Amino acid sequence: MSSFDNPRLIADIGGTYARFALEASPGEFSHSASLRCADYSDFHAAVSAYLDGLGGAHIEHAAIAIANPVEGDQVRMTNYHWQFSIEEMRQRLGLDTLVVVNDFTALAMAIPRLGPGELHQIGGGEARRQSVVGVLGSGSGLGVSGLIPAGDAWISLGSEGGHTSFAPRDERELAILRFAWRQFDHVSFERLVSGPGLELIYRALADRAGEAAKPLSAPDITQAALDGRDAVCAEALEVFCALLGTAAANLAVTLGALGGIYIGGGIVPRLGEYFARSPFRSRFEDKGRFSSYVAGIPTFVITAENATFKGASAILESQLKSLHSSAGAAILGQIRRARSELSPAELRVAEHVLAHPRDVLNAPIADIARAAQVSQPTVIRFCRSLGCEGLSDFKLRLASGLTGTVPVTHTQVNMDDSMVELGAKVLGNTASAILQVRSQLNREMIDRAIQLMLQAGRIEFYAAGHYGVVAQDAQFKFLRFGVSCAAYTDPRLQQLAADVLRPGDVAVVISSSGRLPQLMDVVERAHARGATVIAITASQSPLARKADAALIIDHVEDVSTHLPMVSRILHLLVIDILAVGVALRRNPEAMQLMDDDDKAALEQQRDAGARRAAPGVGVAAPLARLTSHTR
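Quick note on numbering: the numbering used here labels position 546 of the sequence shown as 546, and the sequence is numbered without any gaps.
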C-alpha cells in the first residue's frame, strides 16, 4: 500500500472530545490524540495544539468530521459553542485542502470499508447487497445518516433525523415525555437517545419513583447500571436501549434500509454484550403491521475504533481524485510536457505553478511574478505559450479543475442573525446568483448584441421602477465612450422617445419580469420605427420572445415585498459586459499599441475582476452536506 506524499490530518469533532490522527497511507492512522473541547477556546486552538505536538509535520490536506450539519462556509456546532469559517480556517492552518463534513456522513461512508471483525450483529436478518443502508448513533447528540448505492459507489445522506419528534410507547415513556416537557417545548429523539438524554431519562425515572436524583453523568449512569449498583440507573439504561430500537426502526422503514442498520457513536459500542441482551432488538421489531418487514433487516454495532476516520479519509480521497482528474489537472500535465520548450524565465513560472497551483489560482499577477522571480510580462508570455489568451484565461482553465464547481445556493436571512452572518449571507447569495448567470450566458447572443450596438446610430435604454438606475448607469458608461445614447424611465417619455427612433437605432429594454405593459409598448413602437430591440430580461418572457437579441437573467425577486437587490446587480453586470465588449471592438488597436508592462497591468486588472466575479472555493459533491475548501 503506497504512502501519501505528505501525511493527511483526519479529525472527528464532537461536543465533548476532538479526536485527531495522521494518515500516512490509506487506512493507516497514527499519532492519535483525543483532546477535551472544553480545554480550548475554539476549533483553531484545538487543531493548533495537536499540530504543535507533532514536531513540525508538513500537512497539505485535511478532512474534518464534525457533529453538526455542514452547509456552505460557516460551521456552527449544535451541541457546542465552536463556530468557524472553513475557508478562513484553511488559510490560517496553511492547508491546500480542507474538507468538512457531518460526522455521520463520514461514518456512513466508512461502512463499505469495514471488515467482519469491525461489526457485531444484534439479532437476526440478512443484508441485501446493493441496498440502502441506515446509520445512527448516540453521543453528545443523536446522529443519523444513510447510504444509497450508485453503481460501484455510494451516495451518503446528510440528515438531521435525530431531531424527529419522540413518541412514547407505554406509560413509563409517557411519564418521561411529560418530565421532558417541563424543560423543552419540543422533545426529539435526540433529547433522550444521547448522552444528555440518558441523564434526562434517569432524572425522569427518579422523579417517577419519588426518589431524589443524584448528580450523575451519562458515564456514571451507564457504569452503575452495568455493575447493578443502582436500580434507577439500570432502568434508565434499559429505556435508553429501547428508545434507540424505536429510532432505528423508524429509520429502517423511512429509508427502506434493506442493507441493514448500523449503530455507532460514543455510547452503544461501549455497552458490549449488555446491548445484545437489552430491549433494543425486540423494540426494533415491534413495528405493528411492519414487524415482519423490519425483522428481516439486520442491525449491527460498529466496533471499529477508527470508523469515522476511515469515512472522512474516503471522502477526502474522493475529493482530491476529482480535482486532479479534471481540466485543471490537464493543464498541469500540459505544463510538465512543455517545460523543455520554455525559456529559463518561463520555466521558473512553470515550476512555481506546478508546486503551488492553488496559490496561483488566487494570487494577483504581481505576487506570481515575485514568487517566480520574473517580470509580470514573463508571466503573461508563459500563459500564452500554453494557448491561453492571458493570465485570466489560464486561471479559468486551472480553476475549472482545482476548485470544482461552486454550489449555487440561497441562504435565508433570519431575524436572529448577527451582523457578520447577515453580511456573509447577503454576499454569498449575490455571489451564487452571479455564478448562476455566468453559467447561463449565451456567447452568440452577447456577440449579436454587441454587434448591433456597434452598428447603431443611437442607443437608448428603457427601464421602469427600481431598474431605472440600471438604465442610467448604462447611459453614463456609453456616453463616456462617445456613443450617442439616452436613458428613459418615465412611461410618457418612453413613448415619446420610442416614437422618434430611426432605422438602425437600438433600444435596450431592461426588465426583470419581461412583462411590464409600458415596456412591451416601447418594443412595439421601436419595431414600428425600424429600430432593433435588445432585451435584458427573464427567459420565456414576452419581452425575450419579441426582442431581436435577448440576454437572459433568470433571478426572480418579489418586488411587492422588498426592493430588488441581487437582480439589479445582475442587470448592472450585463451592462458592464456590453460596455466592455463595445469598447474593445471600437478600438482593437489599443491592445496592439500597448507595451508589455501596459499589457501586464491590464491583465492584472482583468485578473482582479475575475477574482471578484468568482468568489468562494466550496466544492459541491454527491456527498451530502459536504464542504471542501482548497487553496
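Here a beta-carbon is modelled for each residue, glycine too, at the ideal position from N, C-alpha and C.
Model, not experiment: these values are computed from the prediction.
Please work out which residues of its chain come closer than 7 Å, Cβ to Cβ, to residue i, disregarding the five sequence neighbours upstream and downstream, and give them in chain order.
i	result
G259	A127, R128, S131, V132, V133
Q605	Low per-residue confidence applies at Q605: pLDDT is 46, beneath 50, and the placement is therefore not dependable enough to give any value.
A526	A498, L501, A507, V533
P269	V301, I302, T303
L200	A180, R191, L192
L332	L354, P357
P7	L22, E23, A24, A57, I59
What residue does the beta strand (DSSP E) around residue i start on, and which one ends it?
i	result
I446	I446 -> not in any beta strand (DSSP E); alpha helix (DSSP H) instead, spanning 443 to 455.
G15	Segment: none, G15 is in no beta strand (DSSP E) and carries neither H nor E.
V353	Counting along the chain, V353 falls outside any beta strand (DSSP E), though it belongs to the alpha helix (DSSP H) covering 344 to 355.
T632	There is simply no residue 632 to check, as the chain begins at 1 and stops at 631 in what is shown.
H120	119 to 122
L142	142 to 150
Q74	74 to 76
V508	506 to 510
I261	261 to 265
E88	Segment 86 to 93 is the alpha helix (DSSP H) holding E88; no beta strand (DSSP E) there.
L35	28 to 36
L136	133 to 138
Let's see if you can read the secondary structure: which residues bound the alpha helix (DSSP H) around residue i?
i	result
H58	From DSSP, H58 is part of no alpha helix (DSSP H); its letter is neither H nor E.
L653	Lying outside 1 to 631, the shown extent of the chain, residue 653 is not represented and no answer is given.
E460	It is not in any alpha helix (DSSP H) - E460 instead sits in the beta strand (DSSP E) that spans 459 to 463.
F476	468 to 480
C383	376 to 385
R492	491 to 498
L271	Where L271 is concerned, there is no enclosing alpha helix (DSSP H), given that its DSSP letter is neither H nor E.
I553	Segment: none, I553 is in no alpha helix (DSSP H) and carries neither H nor E.
A528	517 to 528
A486	Note, A486: premise wrong, no alpha helix (DSSP H); beta strand (DSSP E) at 485 to 488.
R545	542 to 546
I107	The question names Ile, but residue 107 is Leu in the sequence shown. Note, L107: alpha helix (DSSP H), 103 to 110.
A372	365 to 372
Can you find the residues in the same chain that come closer than 6 Å, C-beta to C-beta, to residue i, ignoring five residues on each side of it along the sequence?
i	result
T561	Residue confidence is low: T561 scores 44 on pLDDT, short of 50, so the model does not pin down where it sits. No coordinate-derived value is stated.
A206	A213, V232
A550	A535, A544
R76	Q83
I10	A21, E23, A63, F309, A312, S313
A125	First, the residue type needs correcting, since residue 125 is Gly and not Ala in the sequence shown. These residues qualify, in order along the chain: G296, I297, P298.
T537	S511, G514, L543, A544
L593	At L593, the pLDDT of 44 sits below 50, so the modelled position is not reliable and the matter cannot be decided from this model.
Q494	Y462, Y488, V522
R448	A549
Excluding sequence positions up to five away, which residues of its chain have a Cβ less than 8 Å from the Cβ of residue i?
i	result
D598	Legend: pLDDT at D598 = 47, less than 50; position of this residue unreliable, value from coordinates given subsequently. Hits under 8 Å: none found.
K287	A249, V253, Y293, V294
P279	E238, C241, A242, G245
A610	For A610, the pLDDT reaches just 42, beneath the cut-off of 50, and the residue's location in the model is therefore unreliable, although a value from the coordinates is still provided. Taken in chain order, the residues that qualify are S392, K395, L396.
A236	L198, I201, Y202, L205, I221, A225
A363	A371
R384	G390
Roughly how far, in whole angstroms, is the beta-carbon of residue i from the beta-carbon of residue j, given that I think they are within contact range, below 8 Å?
i	j	result
G123	T299	6 Å
V508	F461	5 Å
L396	I335	Actually they are not in contact, since the Cβ atoms of L396 and I335 sit about 15 Å apart, beyond 8 Å.
S25	S3	4 Å
S577	I446	The question names Ser, yet the displayed sequence has Ile at residue 577. Yes, they are in contact, since the Cβ atoms of I577 and I446 sit about 6 Å apart, within 8 Å.
G141	N79	5 Å
A350	L342	6 Å
H555	S567	5 Å
Check whether the Cβ of residue i sits closer than 7 Å to any heavy atom of the ligand FMN, and report yes or no.
i	result
R76	Looking at this structure, you won't find the ligand FMN or any other ligand, since it has none at all.
Entirely enclosed beta strand (DSSP E) segments - the region 153 to 230, minimum 3 residues: Inside the region 153 to 230, DSSP marks whole beta strand (DSSP E) runs of 3 or more residues at positions 153 to 159, from first to last along the chain.
Secondary structure, beta strand (DSSP E): runs of 3+ residues fully inside the region 274 to 322: The region 274 to 322 contains these whole beta strand (DSSP E) runs: 299 to 302.
At least 3 beta-carbon pairs within less than 8 Å: the region 277 to 295 vs the region 186 to 196: At 8 Å Cβ cutoff, the stretches do not touch.
The region 540 to 549 contacting the region 569 to 580, beta-carbon criterion three pairs below 8 Å: As far as the Cβ criterion goes, the region 540 to 549 does not touch the region 569 to 580, which means the pair count is below three.
At least 3 beta-carbon pairs within less than 8 Å: the region 524 to 533 vs the region 497 to 513: Contact between the region 524 to 533 and the region 497 to 513 is present: three or more C-beta pairs spanning the two stretches fall below 8 Å.
Cβ pair count under 8 Å reaching 3, the region 239 to 248 against the region 161 to 179: Taking a cut-off of 8 Å on C-beta distances, the region 239 to 248 touches the region 161 to 179, as three or more cross pairs fall below it.
The region 39 to 46 / the region 149 to 165 touching (three or more Cβ pairs under 8 Å): With the cut-off at 8 Å, the region 39 to 46 and the region 149 to 165 do not touch.
The region 95 to 112 touching the region 141 to 148, judged by at least three CB pairs closer than 8 Å: Taking 8 Å as the limit for Cβ pairs, the verdict is that the region 141 to 148 does touch the region 95 to 112.
contact_flag[the region 28 to 38, the region 67 to 74] where n(CB pairs < 8 Å) is 3 or more: No, because fewer than three Cβ pairs between the region 28 to 38 and the region 67 to 74 fall closer than 8 Å, the two stretches do not touch.
Stretch-stretch touch, CB-based, cutoff 8 Å, three pairs: the region 312 to 319 with the region 267 to 274: Segments in contact, no.
Stretch-stretch touch, CB-based, cutoff 8 Å, three pairs: the region 221 to 230 with the region 167 to 184: Too few Cβ pairs lie closer than 8 Å, so no.
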